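Quick note: to get the working numbering, add 796 to the position in the sequence shown (first position is 1).
Using N, Cα and C, we set each Cβ at its ideal position, and we do this for glycine too.
Predicted, not measured: the structure shown is a model, and the values here were computed from it.
Accompanying notes for the structure given below.
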Amino acid sequence: MNVKAKTILILFLGWGILLLALMAESRITLAEDIDFNFIGKVTLPTGFLFKNTEVGGLSGMTYNPDQQVYYAISDDRSSQAPARFYTLKIDLSSDTLPPDGVEIIAKTTLLNSDGEPFPEMSLDPEAIAFTGESVFISSEGDVQRSQPPFIKEFSLNGEELRSLPIPDKFLSASAQEKRGIRNNFSLESLTLTPDNRYLFTATENALLQDGEAASPTAGSPCRILRYNLKTGQPDQEFLYISDPIVIAPRFPKNFQINGLVDLLALDEDHLLALERSFALGVGYTIKLFEVSLDGGDRIQAMDRLKGELLNISPVRKTLLLNLNTLNITLDNIEGLTFGPTLSDGRRSLIFISDNNFNSLQMTQILALVIRAGLHILSLIGIHLG
């Protein structure tokens, strides 16, 4: 090799090493380099009515940037009114969210494949994701009623367009069978990649054959499930370990929970993940994580994870924000979505709570902005625009 060739090779390797170092540094400092600023909240009381329906159970939200509106799914099981989603306007024109900054402008009833509203107790809608022309909606199902979970696509008028297949490992043949989803810990999240190529969902806690539910001493092995929307088929699964329940209740038998309640795709390899912890007498802890699928083992071929967890590399997650540090009273936050870019170039992030139709709770909408560190995100291919 001549001197010139050696020089070029050395320069090439040097730049390659520098680039890898920058990427490694960006991954290490991601959580430190992103900052969030709280810009306001709106609360709706339990019992608030719109078009003769109670607005509550809002467990997921998605943003339509063209119309500058949001779609929020109610988890009413067609019991108080037919299953539905609401269209909201959220006013961030002043770069803040004023106390009266949320307006509900429409209600859309979901129609099944027969063109009829879903019968009472026939679904448990939890998450919603906007495609640009339609929405995907997930239902947790109901193990006790032998109702499987589903992911369906609906028009913006509520008509069912198609249903995506759910892998068998997520299903149980009966309430007594020790496999499939845990009741009320099923497909709580939905998100689309910005290019609409992939749809992600995840179990809130472990499948019965994968491990235990979260406890004060251990997290739960959840599955992230990815769909290729070109084929309409699930193509990859990943292991996500939730945090333990943050604070145990005073009495161990009191209700307690922690789970993965929503996802927000940044690209096909990076997500935001929302975890909600609650214990009776303690209250809520809400955490936002950045998740990287890079390095996580693909587990779609594994029907059972119990006994194999130590041999599986989970996805890497990094804490970005504990919402309890905002020093506001938090309710049952279960949904998040990006909102518009503000006048100063910062990107908004909207959170919404599920009030469980409980008079002691409220529907809570929080607005934050991401105010620093976007150069780090761009280094690893995350796009917020």
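Task: From I869, E973 and R1019, residue whose alpha carbon lies closest to that of A925 - done: I869
Open item on the list: In the DSSP output, what is E899 paired with across the bridge?
Closed with: K885
TODO: Can you give me the Cβ contacts of N1152 inside the same chain, cut-off strictly under 7 angstroms, excluding the 5 residues immediately before and after it?
DONE: G853 and N1128
TODO: Measure the alpha-carbon distance for P944 versus N1050 and round it to whole angstroms.
DONE: If you take the alpha carbons of P944 and N1050, they lie about 28 angstroms apart.
TODO: Note down, in chain order, each residue of its chain lying with its Cβ closer than 7 angstroms to the Cβ of V1078, except the 5 sequence neighbours on either side.
DONE: I1043 and P1045
Open item on the list: Under DSSP, the beta strand (DSSP E) around A1061 begins and ends at which residues?
Closed with: Q1052 to A1061
TODO: Please classify D1093: is it buried, with 16 or more other beta-carbons within 10 angstroms of its beta-carbon, or exposed?
DONE: Exposed: under 16 other Cβ atoms inside 10 Å.
Task: Coil, strand or helix - R1112 by DSSP - done: strand
- [ ] Take every Cβ of the stretch 1105–1122, pair it with every Cβ of the stretch 1069–1089, and state whether three or more of those distances are shorter than 8 angstroms.
- [x] yes
- [ ] Tell me whether the beta-carbon of I977 lies closer than 7 angstroms to the beta-carbon of L1035.
- [x] no
Task: Alpha-carbon to alpha-carbon, T999 and N860 - done: 25 angstroms
- [ ] Enumerate in chain order the residues of its own chain whose CB-to-CB distance from Q1032 is below 7 angstroms, with the five nearest sequence positions on each side excluded.
- [x] R1022, R1094 and Q1096
Task: Limits of the beta strand (DSSP E) - the one that T858 falls within - done: L854 to N860
- [ ] Could you check the C-alpha separation between P1110 and R1142 for me, to the nearest Å?
- [x] Roughly 31 angstroms between the two C-alpha positions.
Open item on the list: If contact is defined by three or more beta carbon pairs under 8 angstroms, each pair taking one atom from either stretch, is the stretch 838–851 in contact with the stretch 875–894?
Closed with: Between the stretch 875–894 and the stretch 838–851, the count of Cβ pairs shorter than 8 angstroms is three or higher; the stretches touch.
Open item on the list: Going by DSSP in three states, N1001 sits in which element: helix, strand or coil?
Closed with: coil
- [ ] Measure the Cβ-Cβ separation of D920 and S934 and say whether it is below 7 angstroms.
- [x] Taking 7 angstroms as the Cβ cut-off, D920 and S934 do not qualify as a contacting pair.
Task: Spatial neighbours of G1007 in its chain, beta-carbon cut-off 7 angstroms, leaving aside the 5 residues before and after - done: The residues are S1016, P1017, L1101, K1102 and L1105.
Open item on the list: Within 10 Å of its beta-carbon, does L862 have 16 or more other beta-carbons around it, so buried, or fewer, so exposed?
Closed with: Rather than Leu, the amino acid found at residue 862 in this sequence is Asp. It counts as exposed.
TODO: In angstroms with no decimal places, state the Cα-to-Cα distance between M1158 and I1148.
DONE: Taking the straight line from one Cα to the other gives about 10 angstroms.
Task: For L1122, the three-state DSSP class (helix, strand or coil) - done: In the structure shown, L1122 sits in a helix (DSSP, three-state: H, G or I).
Task: Cβ-based burial, S738 [other Cβ within 10 Å; buried from 16] - done: In the structure displayed, the chain extends from 797 to 1181; residue 738 sits before or after that span and is not available.
TODO: Would you mind reading off the limits of the beta strand (DSSP E) that contains T989?
DONE: According to the DSSP assignment, T989 belongs to no beta strand (DSSP E), since it is labelled neither H nor E.
- [ ] Could you spell out where the beta strand (DSSP E) holding I1020 opens and where it closes?
- [x] P1017 to N1024
- [ ] List the endpoints of the continuous beta strand (DSSP E) containing S1139.
- [x] Counting along the chain, S1139 falls outside any beta strand (DSSP E), and DSSP gives it neither H nor E.
- [ ] Determine, using beta carbons only, whether V865 and K885 come nearer to each other than 7 angstroms.
- [x] yes
Open item on the list: In the DSSP output, what is E949 paired with across the bridge?
Closed with: F932 and R958
Task: Assigned secondary structure, D920 (DSSP; H/G/I helix, E/B strand, else coil) - done: Correct three-state label for D920: coil.
Open item on the list: Please report the distance separating the alpha-carbon of D1090 from that of S985.
Closed with: 20 angstroms
Open item on the list: Using a Cβ-Cβ cutoff of less than 7 angstroms, which residues in the same chain neighbour D871 once the five nearest sequence positions on both sides are dropped?
Closed with: G853, S855, D920, P921, E922 and D1150
- [ ] Go through its chain and collect everything with a Cβ distance to L1132's Cβ below 6 angstroms, but skip five positions before and after it.
- [x] D1058, L1060, L1070 and F1147.
Task: I1041 versus G928 - alpha carbon distance - done: Between the alpha carbons of I1041 and G928 lies a gap of roughly 36 angstroms.
Open item on the list: Here's a check: name, in chain order, each residue in its chain whose Cβ is nearer than 8 angstroms to the Cβ of Q1005, leaving out the five neighbours to either side.
Closed with: K965, K974, R975, G976, D1099, R1100, L1101 and K1102
Open item on the list: Assuming contact is defined by CB atoms lying nearer than 7 angstroms, are S1155 and T842 in contact in what I supplied?
Closed with: yes
Open item on the list: How far does the beta strand (DSSP E) with L1068 in it extend, from its first residue to its last?
Closed with: H1066 to A1075 is the span of the beta strand (DSSP E), which, as asked, contains L1068.
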